[in-house]
Each structure stands twice: as structure tokens, then as C-alpha cells.
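Participant:
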Amino acid sequence: MKLFPTGHATHPQARMAALMALAQVRAQMSAPGYASAPTLGLLYISDHYVDDAQEVLDLLGAELPEITDWSGTVGVGVCGGSAEYFDQPALALMLLELPSDQYRVFSGVAPLPRSGAGGFSAKTALVHADGTAPDVAALVAELADRTASGYLFGGLAASRSTSVQFAVGGDGNLAGQGAASGVFAGGLSGVAFGAGVALISRVTQGCQPVGPVHRITEAADNVVLALDDEPALERLLNILEVSLTADPQHAIERVRVTLAGLMDDERPGPATALRSTGHFGAETRVRHIVGLDGTRHGVALAEHVESGMRLAFCQRNVQAARADLVRICAEIREELAPEGAAPTHAIAGALYVSCSGRGGRHFGGDSAELRIVQHALGDVPLVGFFAGGEIAHANIYGYTGVLTVFLAEL
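Mind the numbering: the sequence shown is residues 932 to 1341 in the working numbering, read in order.
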């Protein structure tokens, strides 16, 4: 098994941070057990380096000429190993050694063809997207349709200035695009992987349901009017055990810390979407409650809703977030080494995309979130970024973490 070399650093000057990360990956490339001939680089920068994005990419490309393909984006923070660089000038770098016919970098000047077209079949894809792009959710869903599994993982760029993405493909660009710089703004970019690239990906919601799963039986736009044929507002208030008439201030405070987990499901019968652990699975999209409709006795959510969907009210807290993060790590380790069976694969590298609204402080201290991941997975190469939204399957999530591990045969 060959581990993926990684480097990460913080420095007021982007060039110095890049040189520090370069020194780390070069040392690992010459060390036993690490990949010595990588061809794909993943690069994540904090938004402090946005104005230096092209310089950083050019420097890395010149210093690592063997790397023919690059992908990445910007976040309000990046991570490497068990360290989080949140709201700091920093970058993180991972070099992957993969068969050249098993991945393809895509972008606006080199779109991903439909699976099987052009001699390449995409099974999964790492996606970086601009959250301000028109119909970004539809773009993500359409991209998922271009993969055999329909599974995407990644996140939305997060920046207090310009949102940039990195995309350099050794296969070149569309005719007429010339030699693109490799730094883009808007749309989607990323890396598609073929069936020969083994990986496992999990989503952690970090929410604890506070009531049962209901079926939405009446809705209008983004307002849930009825749950299981009863007024949605009354259902919510009963679950929270509050009253808008007896103590409206307390009721509003309780509603403000409550969210809604939505699940698309048209199947008849009782809704049983919660895992045995009491946590949501990846099929659930957690959305904010944005208002209460006293006239129609409805609950307004930050997403369009329709009759037939399922809904469970939930709340976020440190204990739930930590427990659910440990859960997905345990699931990954269990899949690698099922009870009673000898493992056939090990982790070559890991990518973690977490919401910029989570961060280590939500988990009890600086870098606490990444320490949980490293403790649960072991000392594996890991990089990632703090996003403006997380991508898993064909959906865009919020306040979640998406952990993906790349596997190598033992």
C-alpha cells in the first residue's frame, strides 16, 4: 500500500506556505511506504490566499512537474492531519498516485462527459462548486447523472472575497479554450473517478432528532402545512412542549434552535428513516425553520417542500455532533475490516469537507473536529477544507461533514 503524501502550512505569505507544504510532500515521497510517483494533486487554500491563487498553482506546478492534474478550491479554513487552520492564511496539499485511466479532471473548459463517452466511465466524482452559481443544486444533480453510481462528494467554495477553484487536466481543454490558467470562478469543477479507484464516503449530520418521523401531507412552496394530516405548527409545538399563547418568548427561543430533517420518499406506510443509532443518514437534508405561519398553522423551511416527503424535527448539540462523527469513522473502519474477516484494503488518504459553521470550536476547542477524525481513523494522510455547503450523493447539505477515504489493496 502506498500512502498519499500530504503537506499543510500557515504563513502570512502564500508562497512561503506553499514552499513549506512542498518540503513536507517531498520528504514523504522519498520515504518508505509513500507514493513516489503521484500524478494528481488536491489543493485547498484559505480565503486569505485568494489573490495569490494563480501564483501558488504556478509554483506547485513548476516544482512538481510530474503532477499533470490539479483540483481544489478555497475555504474559510483548511485542514491537514489533525490540524485545523480556521480563519488563518493557510493551505493543504495531497498528492494521489492513481492509474491515469481511472480519473479525469473536469471544469467549465473541460466538461465531464456522460459515463462511457470518450472512453472514460465515471463511477464517482469529487466536486467543487461555486455556491453563487445559478441553479447550483440542479448542476450538482445533473453531474451526478453523469456518473455510474450517482454518488458525488465535495463542497461549495467558501470565501469572504472571490471564490476560486483549481482545475488542471492533463487531457487538455475543449477546442477553442486555449491554455487555461487552471484557476476558475463560477460553476463546477473536480475529479471524476473510475471503477478502479476504491473509496468509501460517509456523511455526518451532527443532529439529534427530537421527535418522530412524520409524513408531509400538505405543503405550499416552502411551507409545511400538515404532518400526518394534522396542522404542522401544532405538531412542532407539541414536540417542543411549548405554547405560543402561554409563553411566546420561550416558544420562539425553542423554535430558533430547532431544525427540520427532510427526506424524499413517496413510499406508503409508516416512516422509519432514523438509524438505530438515533442519527440521520445521508438521505436526510437538514434545513432551518425560517418562520411560523399562524394563519395556516404551518412551518416555513429554507427549502421547497412537497406532499409525500418525510420530516423529523431535530436539534444540534456538541454531544450529537461528536457521537455522529465517531459513528461514520467507525462505519468506515468496519467496512474495511468486517468482524471475523481479514482486511483486503487500507486507507491511502482521506478527504474531509466540513461546514464553515461547524469548525473545531463547535466540537469543544480548536482542531477538536479533526482530532476526533484522526483518533477514530488512525494516523492516515488527510486534508480538507471548510465549505459553504457540503456535497454528498446528488445533494447539497449544510452544517454537515463529508468524509471520504481512498483505499489501496494490502
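Don't be surprised by glycine CBs; every beta carbon is placed ideally from N, CA and C.
(1) Report the three-state DSSP secondary structure of N1326 (helix, strand or coil).
(2) Could you check if N1326 is buried or exposed, using at least 16 other CB atoms within 10 Å of its CB as the buried criterion?
(3) Can you tell me the Cα-Cα spacing of L1309 and V1336, whole angstroms?
(4) Under DSSP, the alpha helix (DSSP H) around I1170 begins and ends at which residues?
(5) Three or more C-beta pairs closer than 8 Å, one from the region 1074-1087 and one from the region 1055-1062: is that the case here?
(6) Counting beta carbon pairs with one atom in the region 957-970 and one in the region 983-991, are three or more of them shorter than 8 Å?
(7) For A1279, which of E1028, A954, L1022 has the nearest alpha-carbon?
(8) Starting from D1255, trace the beta strand (DSSP E) both ways and give me its first and last residue.
(9) Suppose you measure from the CA of S1112 to the CA of F1037; what does that come to, to the nearest Å?
(10) Measuring alpha carbon to alpha carbon, tell me which residue in D1032, I998, D982 is nearest G1127.
(11) Considering only the alpha carbon of each residue, which of L1223, V1217, R1077 lies closest to I1183?
(12) Pick helix, strand or coil for S1120, following the three-state DSSP scheme.
(13) Since L1175 contacts L1168 with CB under 8 Å, what's their CB separation in whole angstroms?
(14) For L1026 versus V956, is the C-beta spacing smaller than 9 Å?
(15) Is V1221 buried or exposed, if buried means 16 or more other CB atoms sit within 10 Å of its CB?
(16) When you compare the CB positions of T1078 and A1053, do they come within less than 9 Å of one another, or not?
(17) Pairing CB atoms from the region 1255-1274 with CB atoms from the region 999-1014, are three or more of them under 8 Å?
(18) List in chain order: all unbroken beta strand (DSSP E) runs of 3+ residues lying wholly within the region 986-1058.
(19) Since H1219 sits in a beta bridge, which residues does DSSP pair it with?
(20) Taking the straight line between their C-alpha atoms, what separation do you get for S1013 and A1243?
(21) Need the endpoints of the beta strand (DSSP E) that A1279 sits in, please.
(22) Ordered along the chain, which non-local residues of its own chain (more than five positions away) have a Cβ less than 6 Å from that of R1091?
(23) Starting from Q1305, follow the alpha helix (DSSP H) in both directions and report where the run begins and ends.
(24) Determine the contact status of T1275 and E1340, defining contact as a CB-CB distance below 9 Å.
(25) By the DSSP assignment, the alpha helix (DSSP H) with A945 in it spans what residues?
(26) How would you write the range of the beta strand (DSSP E) that V927 sits in, first residue to last?
(27) Alpha carbons only, please: which of L1130, A1129, R946, D1178 is nearest the one belonging to Q985?
(28) With distances taken from CA atoms, which of L1313, L1334, V1311, V1314 is nearest I1322?
(29) Near F1294, what residues of its chain come up, given a Cβ to Cβ distance below 7 Å and the 5 sequence neighbours on each side ignored?
(30) For G1229 and A1151, what's the separation of their Cα atoms in angstroms?
(31) For the beta strand (DSSP E) that V1344 lies in, which residues bound it at each end?
(32) Using C-beta distances below 8 Å, list every residue in its chain close to L1338, excluding the 5 sequence neighbours before and after it, in chain order.
(33) In chain order, what residues of the same chain have a beta carbon less than 7 Å from the beta carbon of V981, not counting five sequence neighbours either side?
Facilitator: This is what the structure gives:
(1) In this structure, N1326 counts as strand in the three-state DSSP scheme.
(2) That one is buried.
(3) In the sequence under discussion, the amino acid at residue 1309 is Gly, which differs from the Leu named in the question. Note on geometry: alpha-carbon atoms of G1309 and V1336 lie some 12 Å from one another.
(4) Per DSSP, the continuous alpha helix (DSSP H) segment holding I1170 begins and ends at 1163-1171.
(5) With a cut-off of 8 Å, the region 1055-1062 and the region 1074-1087 count as touching, because enough Cβ pairs lie within range.
(6) The answer is no - the region 957-970 does not touch the region 983-991, with fewer than three Cβ pairs under 8 Å.
(7) Nearest to A1279 by alpha-carbon distance, out of E1028, A954, L1022, is E1028.
(8) Per DSSP, D1255 belongs to no beta strand (DSSP E); it is in the alpha helix (DSSP H), 1249-1267.
(9) Distance between S1112 and F1037, taken at the CA atoms: about 14 Å.
(10) Here the closest residue by C-alpha is D1032.
(11) Among L1223, V1217, R1077, the Cα nearest to that of I1183 is on L1223.
(12) In the structure shown, S1120 sits in a strand (DSSP, three-state: E or B).
(13) That belief holds up - the Cβ atoms of L1175 and L1168 are roughly 7 Å apart, short of 8 Å.
(14) In this structure, V956 lies closer than 9 Å to L1026 by Cβ.
(15) Exposed is the call here.
(16) Contact flag set, yes.
(17) Output reads no: the region 999-1014 does not touch the region 1255-1274.
(18) If we require 3 residues or more, the beta strand (DSSP E) runs fully inside the region 986-1058 come out as 1000-1006, 1008-1011, 1014-1017, 1021-1027, 1034-1037.
(19) BP columns for H1219 point to L1190.
(20) For S1013 and A1243, the distance between alpha carbons rounds to 33 Å.
(21) Looking at the DSSP string, the run of the beta strand (DSSP E) that includes A1279 is 1276-1286.
(22) So the list reads D978, once near-sequence residues are dropped.
(23) For Q1305, the enclosing alpha helix (DSSP H) has its first and last residue at 1299-1308.
(24) Going by beta carbons, T1275 and E1340 fall inside the 9 Å limit.
(25) Counted as a single uninterrupted DSSP element, the alpha helix (DSSP H) harbouring A945 occupies residues 945-960.
(26) Lying outside 932 to 1341, the shown extent of the chain, residue 927 is not represented and no answer is given.
(27) Closest by alpha carbon: R946.
(28) Nearest of L1313, L1334, V1311, V1314 to I1322, Cα basis: L1334.
(29) Within the same chain, F1294 has close Cβ partners V1249, A1252, R1253, E1300, I1303.
(30) Here the alpha carbons of A1151 and G1229 stand approximately 9 Å from one another.
(31) Since the first residue shown for the chain is 932 and the last is 1341, residue 1344 is missing from the structure and cannot be characterised.
(32) So the list reads A1129, L1130, I1131, L1267, H1276, A1277, I1278, A1279, once near-sequence residues are dropped.
(33) Taken in chain order, the residues that qualify are V1005, S1090, S1092, T1093, V1095.
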